[in-house]
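In short: position in the sequence shown from 1, add 30, done, that's this note's numbering.
Every residue gets a Cβ at the ideal spot worked out from N, C-alpha and C, and that includes glycine.
Please read these numbers as outputs of a predicted model, since none were measured by experiment.
Worksheet: one structure, shown below.
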Amino acid sequence: MIRKCLFPAAGYGTRFLPATKATPKEMLPVLTKPLIQYGVEEAIEAGIDTMAIVTGRGKRAIEDHFDISYELEHQIKGTNKEHYLHDIREVIENCTFSYTRQTQMKGLGHAILTGQTLIGNEPFAVLLADDLCDNEGNAVLKQMVDLYEKYQCCIVAIEEVPKEHTNKYGVISGNEIEEGIFMIDNMVEKPEPEDAPSNLAIIGRYILTPDIFDIIKDTNPGKGGEIQITDALLTQAKKAMVLGFKFKGVRFDCGSIDGFVEATNHFYNKSK
Ligand code: G1P
């Protein structure tokens, strides 16, 4: 049973400056909803009710967003504008939020390790809000939670990317044991195309078992001098089993301007 979802949200969002100078990148809206709220709603759809958020300096707006604003409630109550608050009220009522701060940016592996204090000793999901996913059927995280029930091991979401883009992702290779499910035998963080083991890229959805924390502690800095979850998961894959899962749905890289615009158009057309 997966009850908790970790959201690494301490990054600077440099690519969106100046918008991200005083606003966390996770709070940038696609239409009217901040990126991180899409992520939280996806986690709720997967049956998760405990959100563990790893923040950093300048990220207080995230905490305020997932809290009641009494002034706003007072102003809007009983007016024809009340429906604007419907979705966020549902989120606040249906889950709990806890926060911890990452004081130094030492990579995604380090951010996940920072969240250990909020997760404890149980399997958990990790969602990177930059990767915005949508699907007509089950949400991506729900698909992964269902797969976890069957295999009880670490799982990463994967998708095929053009070979020339492998240097933007963690890339896996493995043996396809069921349609779209790979038993991973290699994974490399941001390899150049000529060094990539395949074109199957990791996207920002993971199910992790709590033994990953000790593995991260023993993982040396890798690509970019940062502690990479990709490297820790390769150790896990060699010791036990890690699955790559080709999810059903679309995914937008909202860490890039192009992906952000595509996501905006997608959700705008959907809302029509
Ligand atoms: C992180 C991971 C990478 C993964 C990507 C998915 O990279 O390190 O393995 O493919 O997220 O979005 P980042 O985009 O944070 O540099």
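Less than 8 angstroms between the beta carbons of residue i and residue j, yes or no?
i	j	result
C163	L263	no
M81	F37	yes
G86	Q146	no
V170	F277	yes
N216	P227	yes
K220	N197	yes
L61	Y298	yes
I78	I32	yes
G204	I214	yes
Spatial neighbours of residue i within its chain, please: CB distance less than 7 angstroms, with the 5 preceding and 5 following residues excluded, ordered by chain position.
i	result
E206	F212
I242	C184, A262 and Q266
Y129	I83, T85 and E93
Determine the direct distance from the alpha carbon of residue j to that of residue i, and round the result to whole angstroms.
i	j	result
K136	L143	10 angstroms
T53	A91	7 angstroms
H296	A39	24 angstroms
I106	E112	6 angstroms
G254	V218	13 angstroms
G139	Y114	37 angstroms
K302	G289	20 angstroms
F154	T109	40 angstroms
D225	P48	35 angstroms
K269	P251	20 angstroms
V272	Y181	10 angstroms
E93	P240	25 angstroms
F275	N165	15 angstroms
K63	I118	9 angstroms
K34	V291	30 angstroms
L177	G279	16 angstroms
T44	Q134	16 angstroms
T210	N168	It should be noted that the sequence gives Gly, not Thr, for residue 210. When rounded, the distance between both Cα atoms is 16 angstroms.
V84	K300	31 angstroms
I202	I287	26 angstroms
E152	L238	9 angstroms
T260	E208	22 angstroms
H195	H116	39 angstroms
Taking the beta strand (DSSP E) that residue i falls in, what are its first and last residues?
i	result
K34	K34 to P38
T130	T126 to R131
K269	Not the beta strand (DSSP E): K269 falls in the alpha helix (DSSP H), residues I259 to K269.
D97	That residue, D97, is in no beta strand (DSSP E); it is neither H nor E in DSSP.
N205	G200 to E208
M81	T80 to T85
F154	F154 to L157
M213	I211 to E219
C164	Note that residue 164 corresponds to Asp in the displayed sequence, not to Cys. Per DSSP, D164 belongs to the beta strand (DSSP E) from D161 to D164.
D248	Neither: D248 is in no beta strand (DSSP E) and is coded neither H nor E.
Y236	L230 to L238
F46	Premise fails: F46 is in no beta strand (DSSP E) and is neither H nor E.
D288	D288 -> not in any beta strand (DSSP E); alpha helix (DSSP H) instead, spanning I287 to S301.
D283	V280 to D283
Near residue i, which residues of its chain fall below 6 angstroms by C-beta distance, leaving aside the five closest residues on each side in sequence?
i	result
Y236	V156 and V186
D161	I233, G234 and R281
K89	P54
Q258	G137, G139, E219 and G252
V175	I32 and A76
F127	M81 and F96
Which same chain residues, not among the five before or five after residue i, have their C-beta less than 8 angstroms away from its C-beta?
i	result
V121	Q67, V70, E71, I74 and F96
E179	none
H104	none
A307	Outside the displayed span of the chain (31 to 302) sits residue 307, for which this structure offers no information.
T294	V60 and L61
N124	I74 and D79
T50	Y42, G43, T44 and L58
Since residue i is in the alpha helix (DSSP H), which residue starts that stretch and which ends it?
i	result
D225	D225 -> no alpha helix (DSSP H), and no H or E assigned at all.
Quick one: does residue i have its CB under 8 angstroms from some CB of chain B?
i	result
A270	Among the protein chains of the structure shown there is no chain B, as only one such chain exists.
* Inter-stretch contact (C-beta, 8 angstroms, three-pair minimum) for the region 186–194 and the region 96–108 -> no
* To do: Pair every Cβ in the region 227–234 with every Cβ in the region 243–257, then say whether three or more of these pairs are closer than 8 angstroms.
  => no
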